[in-house]
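Residue numbers (the working numbering), protein chains in the order written: chain A, 161 to 317; chain B, 161 to 317; chain C, 161 to 317; chain D, 161 to 317. All C-beta atoms, glycine included, are put in the ideal place defined by N, C-alpha and C. Inspection log for the structure reproduced underneath, given as structure tokens.
4 protein chains.
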Amino acid sequence: MDIHLTHYTFTKRFSENLTPKTFKFPFRVAWVDTDAAQVVHFSNYFKFFEKIEEEFYRHLGFNFNYFVERGMWLPRVEAFCQYKKPAKFNDLLEGELIVEELREKSVKYHFKIFNKETATLIAEGYVVAVTADKNTGRAVQIPKYFLEKLKPYCKCL
Amino acid sequence: MDIHLTHYTFTKRFSENLTPKTFKFPFRVAWVDTDAAQVVHFSNYFKFFEKIEEEFYRHLGFNFNYFVERGMWLPRVEAFCQYKKPAKFNDLLEGELIVEELREKSVKYHFKIFNKETATLIAEGYVVAVTADKNTGRAVQIPKYFLEKLKPYCKCL
Amino acid sequence: MDIHLTHYTFTKRFSENLTPKTFKFPFRVAWVDTDAAQVVHFSNYFKFFEKIEEEFYRHLGFNFNYFVERGMWLPRVEAFCQYKKPAKFNDLLEGELIVEELREKSVKYHFKIFNKETATLIAEGYVVAVTADKNTGRAVQIPKYFLEKLKPYCKCL
Amino acid sequence: MDIHLTHYTFTKRFSENLTPKTFKFPFRVAWVDTDAAQVVHFSNYFKFFEKIEEEFYRHLGFNFNYFVERGMWLPRVEAFCQYKKPAKFNDLLEGELIVEELREKSVKYHFKIFNKETATLIAEGYVVAVTADKNTGRAVQIPKYFLEKLKPYCKCL
């Protein structure tokens, strides 16, 4: 169970993809997402990022269980968010996902979250996930099936 | 309620503080912190960071209400975390906080989270918070009281 | 801010409503909803209940802000859940809401959560919320607008 | 993975324990526990209950992993909370746990949460957990080790 990224290497880069697709997912701010400042708690944007990623996979025809069934998982090795404007209860937000980097054993998703009604950028950030073997904890090559699904959304291909 | 950092400027830097203090806070991983991968969910590290910040303020003799009572708050404008090793239920962790940057209207906290029993680094990251006026949403100068409290923990002073 | 139910009284009961409507809302189990037992954490069913309530109000044409704008809020005074079967990541669930009791100053929602694909009952419970004045903390009469919206979903009318 | 309580039976009751012990655990309300009503979100009391239960086990010299290592777990089959007074950020609370019922294959914990500074009762409730086999999903007898640990805290013995 010695997991996380120590052993993966960033080798293969890909040529530039001129017209990457963007995946979009709209959602409402729930009451439980807010805190006593009456805005969305900053930690919840990372839950939003993950929710967008989950819906992205669903849109592509699979889900995290694809990895679980292969004795793999997708541990996160980096997460970042820049907060531009506060979001409030009941705001209709829209998340956008693109694949910012696709390496041999990892993928970097870039997220933008907009207020869908005002078209204002609320927050922006990224998450780097590694394809890892659940038993050894070592990073392994991104499965071909997954790689092919991601390519159309990657600006780096 | 037009909050968040657009209007703050980073002007005053401070000279190097050779012996900054580190604030330490031990805590246990709760069951609810874990996810189906049987490790702490990546978003919860940001809750840990905030908990450490809260205990830091408590140690200094105040809390977030100090800001609320002055019509201020401390919106986060950036948050980052690098995950080194997974943490599991019941692990005894220890958070470390130092003040990485102290600017006119913002503070950047650097956090490290160790497994206290194995002394292994689990995660590391930072949070940038701005002192803002709750009504106008504009960044304002860090109150002198707060600034003086932070200085001994700042490596930049 | 002395809130919560001590001062409300349960006086007006209503006659039996033979054909109450049921509000239904489908949703997916997110990874963050799970815990190390690889099932949904028991506390999250209360978040699900609230999410269903929020979508119910949205369906009726308003939301919690209706109360906030009138200096009111809807504090919960009781919450209960019975867990029948575990739910797992990616399960497609469907929540059902009916109004179980409608009193002068409170409403009791009954929730059922089904696995939508297997039609299995996963969990069942209720939440009692009071219409309260945010300043005095006292329970107040349910606004007529709200009451009329709820009636078609109440089995007690 | 067909878990949860359908198969357990409530047979053995115990005689009255006149002087049961109470386990107490103090904790602070964190900012992330609050919602836009500037009080603790009602779902978080169930996290508090679980945290108190975890600290109770720790006090008794073990933790949830005791069950995991034996191929067991402790699924919750019922949870209830009555909210008396709101709790706010930074409030110092104290949780109290007693064992309300101890049956062959289940335990019912009763919780009270007080504001430690004002000695006001904030919330009160219970959780029923079943000792279950993780593989078959069936309820099994409470392990003797666990039972003996619980007895001094049970008002029913």
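Alpha-carbon to alpha-carbon, residue j and residue i
{"i": "Lys276/D", "j": "Phe185/B", "result": "22 Å"}
{"i": "Phe227/A", "j": "Arg188/B", "result": "29 Å"}
{"i": "Arg218/A", "j": "Glu210/A", "result": "12 Å"}
{"i": "Val290/C", "j": "Gly297/C", "result": "10 Å"}
{"i": "Lys207/B", "j": "Lys315/C", "result": "42 Å"}
{"i": "Lys294/A", "j": "Met232/A", "result": "5 Å"}
{"i": "Phe202/D", "j": "Ser203/C", "result": "10 Å"}
{"i": "Leu281/D", "j": "Lys245/D", "result": "7 Å"}
{"i": "Val200/D", "j": "Ala283/D", "result": "11 Å"}
{"i": "Pro235/A", "j": "Ala292/A", "result": "7 Å"}
{"i": "Leu253/A", "j": "Ala239/C", "result": "29 Å"}
{"i": "Tyr319/C", "j": "Ile212/C", "result": "The structure shown does not extend to residue 319/C, since chain C spans only 161 to 317, so no value can be given for it."}
{"i": "Leu310/C", "j": "Val287/C", "result": "15 Å"}
{"i": "Asp251/C", "j": "Ile258/B", "result": "42 Å"}
{"i": "Phe274/B", "j": "Phe183/D", "result": "29 Å"}
{"i": "Glu229/D", "j": "Lys268/B", "result": "42 Å"}
{"i": "Gly255/D", "j": "Pro180/D", "result": "16 Å"}
{"i": "Lys272/A", "j": "Gly285/A", "result": "7 Å"}
{"i": "Glu261/C", "j": "His270/C", "result": "9 Å"}
{"i": "Val205/D", "j": "Ala196/A", "result": "Here residue 205/D is Tyr; the residue named in the question, Val, does not match the sequence. Answer to the nearest angstrom: the Cα atoms are 16 Å apart."}
{"i": "Pro303/A", "j": "Val237/A", "result": "18 Å"}
{"i": "Cys241/B", "j": "Cys241/A", "result": "9 Å"}
{"i": "Trp191/D", "j": "Val192/B", "result": "17 Å"}
{"i": "Ser266/C", "j": "Gln198/A", "result": "24 Å"}
{"i": "Lys248/A", "j": "Arg263/D", "result": "46 Å"}
{"i": "Asn223/D", "j": "Ala299/D", "result": "19 Å"}
{"i": "Phe216/A", "j": "Phe216/D", "result": "41 Å"}
Any non-hydrogen atom of the ligand GTP within 7 Å of residue i CB
{"i": "Gly221/B", "result": "As for the ligand GTP, it is missing from this structure, which has no ligand bound."}
Proximal residues of chain B, C-beta to C-beta of residue i below 9 Å
{"i": "Asn250/D", "result": "Glu214, Arg218, Asn223, Phe224, Asn225"}
{"i": "Lys207/D", "result": "Ala190, Val192"}
{"i": "Pro235/A", "result": "Ala197, Val199, Phe202, Tyr243, Pro246"}
Chain B contact residues for residue i, given Cβ-Cβ distances below 7 Å
{"i": "Trp191/C", "result": "Asp195, Ala196"}
{"i": "His201/C", "result": "Val192"}
Exposed unless 16 or more other CB atoms sit within 10 angstroms - verdict on residue i
{"i": "Glu308/B", "result": "exposed"}
{"i": "Tyr313/D", "result": "buried"}
{"i": "Lys194/C", "result": "The identity of residue 194/C in the sequence shown is Thr, whereas the question assumes Lys. By the neighbour-count rule (16 or more Cβ atoms within 10 Å), Thr194/C is buried."}
{"i": "Tyr305/B", "result": "exposed"}
{"i": "Gln301/D", "result": "exposed"}
{"i": "Asn225/C", "result": "exposed"}
{"i": "Glu214/A", "result": "buried"}
{"i": "Ala279/D", "result": "exposed"}
{"i": "Gly221/B", "result": "exposed"}
Chain-ordered neighbours of residue i on chain D, where CB pairs are closer than 7 Å
{"i": "Lys211/B", "result": "Ala190"}
Amino acids of chain B, ordered along the chain, whose beta-carbon sits closer than 8 Å to that of residue i
{"i": "Glu238/A", "result": "Phe240, Cys241, Gln242, Tyr243"}
Which complete beta strand (DSSP E) runs does the stretch 185-245 of chain C hold, if anything under 3 residues is left out? 236-243
List in chain order: all unbroken beta strand (DSSP E) runs of 3+ residues lying wholly within the stretch 247-285 of chain A. 252-262, 266-275
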